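Numbering (the numbering used here), first residue to last: 149 to 277.
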């Protein structure tokens with residue numbers, strides 16, 4: 149069966165270590181939105197940082213989805229799911245979004261626990277001990 153490759157679920161903090169061109173899906177909180185460039189900066193404090201450290205963040209290019217994304221999804225503080233491709237430019241990493249949608253009333257701690265457990269199962273299945 150031919151079709152697009154499935155997306156890889158990931159924590160936002162691991163996106164910079166993923167290979168360029170990989171389709172990825174992750175959750176993040178809007179920190180900033182630059183209207184001139186069409187870029188969001190998303191953050192997600194997982195794994196937890198010290199209070200003096202900035203949480204992990206990643207730029208997301210939303211230019212391709214501006215026709216479908218809503219103002220609520222671009223609002224600072226909104227939790228959104230992103231489906232897109234990891235891109236590299238010189239020493240920087242960003243995600244080119246193909247879909248952005250609201251996470252709604254999400255229990256972030258529960259999401260973190262479930263995704264962590266799911267990724268651990270995937271890791272064990274792929275590389276048995």
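C-beta: ideal position from N, C-alpha, C; glycine also.
Computed from a predicted structure; not experimentally measured.
**OP:** Mind the definition here: the region 261-270 touches the region 228-241 only if three or more C-beta pairs lie below 8 Å; say whether that holds.
**Re:** no
**OP:** Take residue 211 and list the residues in its own chain whose beta-carbon comes closer than 6 Å to its own, dropping the five residues that flank it on each side.
**Re:** 186
**OP:** Using a threshold of 9 Å, state whether the C-beta atoms of residue 227 and residue 176 are closer than that.
**Re:** yes
Original post:
What does DSSP give as the partner residues of residue 171 in its beta bridges?
Top reply: DSSP output for residue 171 lists 233 as bridge partner(s).
Original post:
Are the Cβ atoms of residue 260 and residue 194 separated by less than 9 Å?
Top reply: yes
Original post:
Got a sec, what are the start and stop residues for the alpha helix (DSSP H) residue 244 sits in?
Top reply: Careful: residue 244 lies outside any alpha helix (DSSP H), inside the beta strand (DSSP E) at 240-250.
Original post:
Looking at C-alpha atoms only, which residue of 214, 220, 253, 237 is the closest neighbour of residue 246?
Top reply: 214
**OP:** Below 6 Å CB to CB, which residues in the same chain sit around residue 221 once its five sequence neighbours on both sides are set aside?
**Re:** Cβ neighbours of residue 221 beyond the five flanking positions: 228, 248, 250.
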